Amino acid sequence: MSKSVKAPWHLWAVGIVTLLFNLGGVVDYVGTHAFPDSYLAGFEADAREYFMNFPAWQVFFWALGVWGAFAASVLLLLRSRFAIPAAAISLVGLAVVTVVQYTQPWPASIDMPGVHLFNAVIWAVQILLLYYAARQRRAGVLR
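Every number in my numbering is 1254 more than the matching position in the sequence shown, counting from 1.
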């Protein structure tokens, strides 16, 4: 029998912080698709049109990124080894969406330095989440 390793305090800190961060992506995704008129009301017309005209395949990869990241955080808190593939799936979705975003013109109303900086933060958080989950798996914390 293998001995269960106690979850370190930082697992809870990382899990909760990333869960809250990734919940922001879930809110954006659900708001854009379930309540577009009210959720996107504060955006300029060019940005609303941009988000509402994503092709289905792009929405699919956006969903992989958002829901994969959220699942990775939940699975990390549950100490499940499946946090690692969920984080990897999230990065696949994020990669496809990022390539599409940066190879096509953006609406002028959202093409601002803060948006690009936030995209970099999203990448950093998701890469670090995958790295952290893999380290916790190697340490025997994830089952």
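Beta carbons: idealized from backbone N, C-alpha and C, even for Gly.
Predicted model, so just to flag it, every value in this text is computed and none were measured.
Under 8 Å between C-beta atoms of residue i and residue j
i, j, result
"Phe1279", "Ala1340", "Residue identity check: residue 1279 is Gly in the sequence provided, not Phe. The answer is no: Cβ separation not under 8 Å."
"Gln1312", "Val1351", "yes"
"Ser1327", "Asn1276", "yes"
Three-state secondary structure assigned by DSSP to residue i
i, result
"Met1366", "coil"
"Gln1358", "coil"
"Pro1339", "helix"
"Ser1344", "helix"
"Gln1380", "helix"
Contact belief for residue i with residue j at Cβ below 8 Å, rounded distance in angstroms
i, j, result
"Leu1273", "Leu1331", "7 Å"
"Ile1376", "Leu1345", "Not really, about 10 Å apart at Cβ, beyond 8 Å."
"Tyr1386", "Val1268", "6 Å"
"Phe1305", "Leu1294", "6 Å"
Among the options, nearest to residue i - alpha-carbon criterion
i, options, result
"Ile1338", "Ala1325, Arg1302 and Ala1378", "Ala1325"
"Ile1343", "Phe1315, Trp1263 and Ala1393", "Phe1315"
"Phe1336", "Arg1302, Leu1371, Arg1391 and Ala1310", "Arg1391"
"Ile1270", "Glu1303, Leu1329 and Val1281", "Leu1329"
"His1370", "Leu1383, Leu1382 and Tyr1356", "Tyr1356"
> Any contact of the region 1280 to 1296 with the region 1352 to 1361, i.e. 3+ C-beta pairs under 8 Å?
Replying inline: no
> Are there three or more Cβ pairs, one per stretch, closer than 8 Å when the region 1362 to 1375 is compared with the region 1286 to 1303?
Replying inline: yes
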